[in-house]
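> Taking full-length UniProt numbering, I'd label the letters of the sequence shown as residues 1 to 623.
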Amino acid sequence: MKLTDAENAADGIFFPALEQNMMGAVLINENDEVMFFNPAAEKLWGYKREEVIGNNIDMLIPRDLRPAHPEYIRHNREGGKARVEGMSRELQLEKKDGSKIWTRFALSKVSAEGKVYYLSLVRDASVEMAQKEQTRQLIIAVDHLDRPVIVLDPERHIVQCNRAFTEMFGYCISEASGMQPDTLLNIPEFPADNRIRLQQLLWKTARDQDEFLLLTRTGEKIWIKASISPVYDVLAHLQNLVMTFSDITEERQIRQLEGNILAAMCSSPPFHEMGEIICRNIESVLNESHVSLFALRNGMPIHWASSSHGAEAQNAQSWSATIRQRDGAPAGILQIKTSSGAETSAFIERVADISQHMAALALEQEKSRQHIEQLIQFDPMTGLPNRNNLHNYLDDLVDKAVSPVVYLIGVDHIQDVIDSLGYAWADQALLEVVNRFREKLKPDQYLCRIEGTQFVLVSLENDVSNITQIADELRNVVSKPIMIDDKPFPLTLSIGISYDVGKNRDYLLSTAHNAMDYIRKNGGNGWQFFSPAMNEMVKERLVLGAALKEAISNNQLKLVYQPQIFAETGELYGIEALARWHDPQHGHVPPSRFIPLAEEIGEIEKYWALGHRGSLPSVSRMA
């Protein structure tokens, strides 16, 4: 086939192919007149073929481009190079009805028989341009986000980052592109698992997040929270991953502040020391700051604790927060002074808010400690110090080589009040006695309640005349009857006094107690010095009491019987059973000693001779 025949054959195929092409095809001649306009072009522009064929191409050119188009065509026909010739680009077309659509077109220049023709192939690009615009706007939006964002490809290489990422870490897109985050970012050696956890997060296939300590390009340490979100296509193939970062350095500092203070509270340091711990931890979070704490006592601020240094600059800013109890009542004041510009106001307010709650907890802890101390060291009914408090007080005096005089006071006849009116009124009687004691109490004297009706007075006046005078003054406290429910109740005191240089607390209390017991057994209403002879009697009673318990348990007591005879007639009218006790160690112990002792140690019931009545001989047998 000759070349001309082949060209003619090609022409016969070319135009039908363009006619059926899905892309709009427009052919113009050397006079810029439309020679060919296929159905796809009709659909794009909205013109019928017959409206376009033979007309100038200007009718298809957007209005804003028409003034420049003739010169553009002329320049190209005369040999100038068109920028769009031989390439594809986007162009917004104007349809017959005035609406506009985005298209992608390709321009080809054809020379034949000394004439220049142009063929444009155009397709609708509205969807992809909308997507492109959406992507562009999204990139702009992401780039203007305050939160750093990077986009990764499936191999975890960075393909995009926003300005916030550059501002936080110091790396621009040209430096970050193609790098993996764990390679680009500066990861400190501590915490030791930092790098491993970051790598694990990068290769997650579902949304996840974690916290890391990283270094910026300038070496600044920052705590960040990193979140990763995979992006999948419609076929569930991974396309990209979006990674966002948040600077949580301040949040971590506040968490550390809370953790340190709560940990310190668990160790229950002294109140003043706890306040200093709070101040130091606030200072560690707020640079160039000075912190002071005040506790409120009767509405007045009392200094609690403060930091060791302060922001003394004239431009220092002061922040104050009221420390409140759970019920909202003010309990203290937190003051923070910071150098102007050292920290943001929002961060200082957050630290102050958290810190005042921590201080409130410390105040409540101290209040609870004092309450527990009150329960441990003081009698709840009278408010007087209790036995524990007394022990501490006496131990402290002995440690200081001070020899106190101990008065152990027992209130007699309280049982009469109980029998007449009940325990509640007996408590009122004791309170009245305590009030009378308080009225007579001297500044250097110490009064406490150790149990029930027993009190202890400790005095440092240890010459004999003062001791006896104080004892008499104590007795005179109850010289007038106590009025209870409009009834007079005469009460008396049994007072045991102990004083011995260099003796410890237990000795002083036990000997005073022995002296008080001696007075009570002899009718009460008096006072008695403890003496060594009395001490020997007490020791003997303890030893003898133990032996008596053993003798009763082992049936070692014996009964002897003495006939009872009428003196006038000599007639036997009964017998008297008499108990006898002979101990291997103590020998013969008379009833006058062991019967009262049995009563004291609670063995009298076991001893009682009626327990042996079955062994009594009958009167008739003795007659």
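A virtual CB, placed ideally from N, CA and C, is assigned to each residue, including glycine.
Using the three-state DSSP reduction, which class does M516 fall into: helix, strand or coil?
Helix.
> Is it buried or exposed, residue 665, if we count other Cβ atoms within 10 angstroms and call 16 or more buried?
Any property of residue 665 remains undetermined from this structure, which presents the chain solely from 1 to 623.
> Can you give the beta carbon distance from G24 to R123, rounded, assuming they're within the 8 Å contact cut?
Right, the Cβ-Cβ distance comes to about 7 Å (below 8 Å), so this counts as a contact.
> Determine which residues share a DSSP beta bridge with M300 and list them.
Per DSSP, R297.
> Drop a sphere of 10 angstroms on the beta-carbon of A313, count the other beta-carbons inside from all chains shown, and report buried for 16 or more, exposed for fewer.
Because A313 sits at a pLDDT of 49, beneath the cut-off of 50, its placement in the model cannot be relied upon, and the point is left open.
> Ordered along the chain, which non-local residues of its own chain (more than five positions away) have a Cβ less than 6 Å from that of S318?
So the qualifying residues of the chain are K337.
> In angstroms with no decimal places, state the Cα-to-Cα distance between L334 and Q134.
Straight-line Cα distance between these residues: approximately 52 Å.
> Between the alpha carbons of D419 and R297, how many angstroms are there, rounded?
Distance between the alpha carbons of D419 and R297: 45 Å.
> Confirm, please, whether the CB-CB distance from S459 to D444 is below 9 Å.
Result yes, Cβ atoms of D444 and S459 sit closer than 9 Å.
> Evaluate S355 with the Cβ neighbour count: other Cβ atoms within 10 Å of its Cβ, from every protein chain shown; 16 or more gives buried, anything less gives exposed.
Looking at its Cβ environment, which holds 16 or more other Cβ atoms inside 10 Å, S355 is buried.
> Quick check: the region 160-175 against the region 197-204, are at least 3 beta-carbon pairs closer than 8 Å?
Touching, no.
> Would you kindly work out how many angstroms separate the C-alpha atoms of M179 and N162, rounded to a whole number?
Their Cα atoms are separated by approximately 15 Å.
> In angstroms with no decimal places, state the Cα-to-Cα distance between N386 and Q209.
One C-alpha to the other measures close to 59 Å.
> Just how far apart, CA to CA, sit V291 and A264?
Cα-Cα distance, rounded: 18 Å.
> Compare the beta carbon distance of Q92 and P70 with 9 Å and say whether it is the shorter of the two.
No. Outside cutoff.
> Just how far apart, CA to CA, sit E576 and G422?
Spanning the two alpha carbons is a distance of roughly 41 Å.
> By a C-beta neighbour count over all protein chains shown, 10 Å radius and 16 as the cutoff for buried, is R49 buried or exposed?
When all chains shown are included, R49 counts as exposed.
> Could you name the residues of the same chain whose beta carbon sits closer than 6 Å to that of M168, not counting the 5 residues immediately before and after it, in chain order?
Result list for M168: P148, in chain order.
> Between the beta-carbon of I150 and the beta-carbon of M22, is there less than 9 Å?
No, they are not a contact pair.
> Between A359 and G275, what straight-line distance do the alpha-carbon atoms span, to the nearest angstrom?
Rounded to the nearest angstrom, the two C-alpha atoms are 8 Å apart.
> When burial is assigned at 16 or more other CB atoms within 10 Å of the CB, is E451 buried or exposed?
By the 10 Å Cβ count, E451 comes out exposed.
> On the premise that R520 lies in contact with G602, defined as a C-beta separation below 8 Å, what is that separation, rounded to the nearest angstrom?
The pair is not a contact, with the Cβ atoms about 17 Å apart (cut-off 8 Å).
> Could you give the DSSP three-state label for G383: helix, strand or coil?
Coil, per DSSP.
> Would a C-beta distance cut-off of 9 Å place A316 and I278 closer than the cut-off?
No. Outside cutoff.
> Given a threshold of 16 other Cβ atoms within 10 Å of its Cβ, counted over all protein chains shown, does N38 qualify as buried or as exposed?
Per the 10 Å Cβ criterion, buried.
> How is the beta strand (DSSP E) around H588 delimited, first residue to last?
Segment 587-589, the beta strand (DSSP E) holding H588.
> M23 by DSSP, collapsed to three states: which one?
Of the three classes helix, strand and coil, the one that applies to M23 here is coil, per DSSP.
> Which residue spans inside the region 207-273 form an unbroken beta strand (DSSP E) run of at least 3?
Those beta strand (DSSP E) runs which fall completely within the region 207-273 and span 3+ residues are 208-215, 221-232, 238-247.
> Closest by CA to P330, which one among F294, D146, L447?
Among F294, D146, L447, the Cα nearest to that of P330 belongs to F294.
> Determine whether the beta carbon atoms of D485 and W425 lie at a separation below 9 Å.
For D485 and W425, yes; Cβs fall inside 9 Å.
> Say whether the region 435-443 touches the region 362-379, bearing in mind that this needs 3 or more beta-carbon pairs closer than 8 Å, one atom from each stretch.
The region 435-443 vs the region 362-379: no contact.
> Give the DSSP-derived three-state secondary structure of Y72 in the structure shown.
If DSSP states are grouped into helix, strand and coil, Y72 belongs with the helices.
> Is it right to say E473 is buried, meaning 16 or more other beta carbons lie within 10 angstroms of its own, or is it exposed?
Classification of E473: exposed, given that the 10 Å Cβ count is below 16.
> Write down the C-beta distance between Y393 and I470 rounded to the nearest angstrom, noting that I regard them as a contact closer than 8 Å.
Their Cβ separation, rounded to whole angstroms, is 17 Å, which puts Y393 and I470 out of contact at 8 Å.
> Tell me the DSSP secondary structure of L286 in three-state form.
The answer is coil: DSSP assigns L286 none of H, G, I, E or B.
> How many angstroms separate the CA atom of F245 from the CA atom of S227?
Straight-line Cα distance between these residues: approximately 7 Å.
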